[in-house]
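One structure is given below, encoded as structure tokens.
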Amino acid sequence: MKIIAPIFFELKQGVREKTFWVVVFFFIFLLGVSLFLGELSLGDTGAVLRTVCLSSIELSALGLVIVRYTYNFYREKEFRLTDIYLSYFSAAHYIGGKLGGAIIVLFIYLFLSGFLGSLLLILNGAFKSTVFTGIYSIFLKLCFICSFVFLVCSLINSPLLSSFLVALIYLASELSYNALRLTSQAKYVFIKLVSKTLYYVLPNYHKVDLKIHAIYGVPISTLYMAEITLYTCFYVILCYFVTVTIFERKDH
Amino acid sequence: MAESIIEVGNLSKTFGKFPVLKDISLTVFEGEIFGLLGLNGAGKTTLIKSILHLIKPQKGEIKYKGKPLLPLHIYKEFGYLPERFMPPLETTAKELLEFLGMSLGANLLTVSFLLEKFNLGGKKKIKYYSRGMVQRLGLCCAFLKRPEVIILDEPTLGLDPLGQRDIIKLLLDINREGTTIFFSSHNLLQVERICHRIAIMKKGEIMFCGKIDEFKAFHTTESFEEAFLKETSHSNNEDNCPNIF
């Protein structure tokens, strides 16, 4: 019960704050741009529209996660709200509530933007049911980022640096597979080791990201979906425990 | 003689190489209003945060009713209002209290009762509150769990005289109901008016701990302000002060 309270509160605040609605409008703007790009494209208009639509969803949701949760975390700290919460909840409940709330707000945002995006695709005859798989994979990818937001915020005292670091983690996770492939032929063992470590330590977006499948209508097996969902859950829970440990050890 | 409710023993805390608390020891008794005084940077907030387990001291112990103070005691028996408190602006007081109350199983009736007692409109969003209302809400958050002890860090800071009067009146009401109040303040008049005992901190040390009359008598003055200024500004007096611990 104790963890449910902060989740609900986080959820209530999350959808009420201006950031959420600014991101929704930003997404609508991106959708307009994607429609324009679809009109301009010479090749497969449907694929272009699906690509831009899914990328818009991912980009805006990433902005929401990084901006809203990083700044909110520091705002609560600055105005001593964290201190009050910690006189009611343990660090495990506090972080758990924030993380749970963040994931639910993310889900609501993706549901809303996914609905709008799908509507646009349907109106343009570019909709494929695999788009939902793509949106789900975006959800999983951003769940990793949610857990990293709280991990980084617990470690660092600057909101700007934290946002930058989380964005960097996202980029590194996107590129780690390509980096591993590129460095597999490298001479230096150190470079190989670094790229290998990054590939295994960072979230494996190479496996989780299903946007390409969604764009070209390639169906994904349920078993594979279950596997990547389990992988995400495991990773997020691991991150959560590390965050709680760090948070408990720090002075507030 | 009342039983001790909080006992701080030989508490030390260093930030980097800078000692903020130096071997602090003090006792707060059940049912009293205890004032913690000192100039800015004396270590009052650090001491308060150490008691609440928000800061980990390097040395020393804190006891609650004679037993080591545990986080569980804080969740159940301690209310806290920090300095410069600002609640989430997009929520209402009722929602904030219900959220905090959920952790305790407090029912909606308690929340409505408290909103009335603290003279807060539950439906208005917090962003439309005045500073005085925000502070009353903070006090309400601290009181929600009906704690044994309420710890307040400069509760009247930034309030107009009317707002200060409201807060003091509420504190006295709460204390009358049996809650021990431990608070830090720069407002000497208020402290003199409501505190049963005080502690004066200077550069991380307790310079005096006891009754206000004893403090004034020690400095051979009738004025509390004068005694306080003597205590905090005279470095030569440090060795002669009655540090009872």
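Protein chains in written order, with my numbering: chain Z, 1188 to 1439; chain Y, 160 to 404.
C-beta: ideal position from N, C-alpha, C; glycine also.
### Query
Which of the residues in the stretch 1190-1213 of chain Z, read from start to end, lie with their CB under 9 Å from any CB of chain Y?
Ile1191, Ala1192, Pro1193, Phe1195, Phe1196, Lys1199, Gln1200, Arg1203, Glu1204, Lys1205
### Members of the stretch 1265-1285 of chain Z that neighbour chain Y once the beta carbon cut-off is set at 7 Å
Phe1266, Arg1267, Leu1268, Asp1270, Ile1271, Leu1273, Ser1274, Tyr1275, Phe1276, Ser1277
#### Entry: Ser1363 (chain Z) versus Asn1391 (chain Z): straight-line alpha-carbon distance, rounded
Counted from its first residue, the first sequence places residue 1363 (chain Z) at position 176. Counted from its first residue, the first sequence places residue 1391 (chain Z) at position 204. Ser1363 (chain Z) and Asn1391 (chain Z): Cα-Cα distance of roughly 8 Å.
### Message
Extract the residue ranges of the alpha helix (DSSP H) inside the stretch 1370-1402 of chain Z, only unbroken runs of 4 or more that lie entirely within it.
### Response
1376-1388, 1392-1395, 1398-1402
### Query
Quick one: Cα of Ile233 (chain Y) to Cα of Lys1328 (chain Z), how far?
As a first step, residue 233 (chain Y) must be located in the second sequence, where it is residue number 74. As a first step, residue 1328 (chain Z) must be located in the first sequence, where it is residue number 141. Roughly 37 Å between the two C-alpha positions.
### Task
Verify whether the separation of the beta carbon atoms of Leu298 (chain Y) and Leu330 (chain Y) is less than 9 Å.
By one-based count along the second sequence, residue 298 (chain Y) stands at place 139. By one-based count along the second sequence, residue 330 (chain Y) stands at place 171. It is a contact, given that the beta carbons lie within the stated cut-off.
### Task
Give the C-beta separation of Asp312 (chain Y) and Ile192 (chain Y) to the nearest angstrom, bearing in mind that I take them to be a contact with Cβ-Cβ under 8 Å.
In the second sequence, the residue the question calls residue 312 (chain Y) occupies position 153. In the second sequence, the residue the question calls residue 192 (chain Y) occupies position 33. That belief does not hold up - the Cβ atoms of Asp312 (chain Y) and Ile192 (chain Y) are roughly 15 Å apart, past 8 Å.
### Task
Please name the residue or residues paired with Met360 (chain Y) in a DSSP beta bridge.
The residue labelled residue 360 (chain Y) in the question sits at position 201 within the second sequence. Beta-bridge pairing links Met360 (chain Y) to Y:Gly197, Y:Ile365.
### Query
Counting contacts by CB-CB distance shorter than 9 Å, is Arg1255 (chain Z) in contact with chain Y?
Residue mapping note: residue 1255 (chain Z) aligns to position 68 of the first sequence, counting from 1. Not an interface residue.
### Query
Residues of chain Z with CB under 7 Å from Cys300 (chain Y), in chain order?
For this step, residue 300 (chain Y) is matched to residue 141 along the second sequence. Those are Ile1271, listed as they occur along chain Z.
### Message
What does DSSP give as the partner residue(s) for Pro178 (chain Y) in the beta ladder?
### Response
Position 19 of the second sequence holds residue 178 (chain Y). Answer by DSSP bridge pairing, in chain order: Y:Thr173.
### Message
Strictly under 9 Å for the Cβ-Cβ distance: is Leu273 (chain Y) near chain Z by that measure?
### Response
Start at 1 with the first residue of the second sequence, and residue 273 (chain Y) comes out as number 114. Taking Cβ atoms only, chain Z never reaches closer than 9 Å to Leu273 (chain Y), which makes this a no.
### Message
Tell me whether the stretch 1194-1209 of chain Z and the stretch 1281-1296 of chain Z touch, counting them as touching only if at least three CB pairs, one residue from each stretch, are closer than 8 Å.
### Response
yes
### Message
Please classify Asp1270 (chain Z) as buried or exposed, where buried requires at least 16 other C-beta atoms within 10 Å of its C-beta.
### Response
Residue numbering aside, residue 1270 (chain Z) sits at position 83 when the first sequence is read from its first letter. By the 10 Å Cβ count, Asp1270 (chain Z) comes out buried.
### Query
Roughly how many whole angstroms lie between the Cα atoms of Tyr1411 (chain Z) and Val1405 (chain Z)?
The residue given as residue 1411 (chain Z) occupies position 224 in the first sequence. The residue given as residue 1405 (chain Z) occupies position 218 in the first sequence. If I take the Cα positions, the gap works out to 13 Å.
### Query
In the stretch 209-224 of chain Y, which residues sit with their C-beta less than 7 Å from some C-beta in chain Z, listed in chain order?
Leu211, Leu213, Ile214, Lys215
### Query
Using CA coordinates, which residue listed in Z:Ser1243, Z:Tyr1258, Z:Ser1360, Z:Asp1231 is at the minimum distance from Gly1219 (chain Z)?
Against the first sequence, residue 1219 (chain Z) aligns to sequence position 32. Here the closest residue by C-alpha is Z:Ser1243.
### Query
Should the stretch 249-260 of chain Y be called in touch with the stretch 323-343 of chain Y, which here means at least 3 C-beta pairs below 8 Å?
no
### Query
Just the Cα atoms here: how many angstroms apart are Glu1435 (chain Z) and Leu1229 (chain Z)?
Reading the first sequence from its first residue, position 248 is the one you call residue 1435 (chain Z). Reading the first sequence from its first residue, position 42 is the one you call residue 1229 (chain Z). The straight-line gap from Cα to Cα measures roughly 56 Å.
### Message
Please classify Ala201 (chain Y) as buried or exposed, where buried requires at least 16 other C-beta atoms within 10 Å of its C-beta.
### Response
Position 42 of the second sequence holds residue 201 (chain Y). It is buried - the Cβ of Ala201 (chain Y) has at least 16 other Cβ atoms within 10 Å.
### Query
By a C-beta neighbour count over all protein chains shown, 10 Å radius and 16 as the cutoff for buried, is Ala386 (chain Y) buried or exposed?
As a working note, residue 386 (chain Y) is residue 227 in the second sequence. Under this definition Ala386 (chain Y) is a buried residue.
### Range covered by the beta strand (DSSP E) that runs through Tyr239 (chain Y)
Here the question's residue 239 (chain Y) lines up with position 80 in the second sequence. Where Tyr239 (chain Y) is concerned, the enclosing beta strand (DSSP E) stretches over 237-240.
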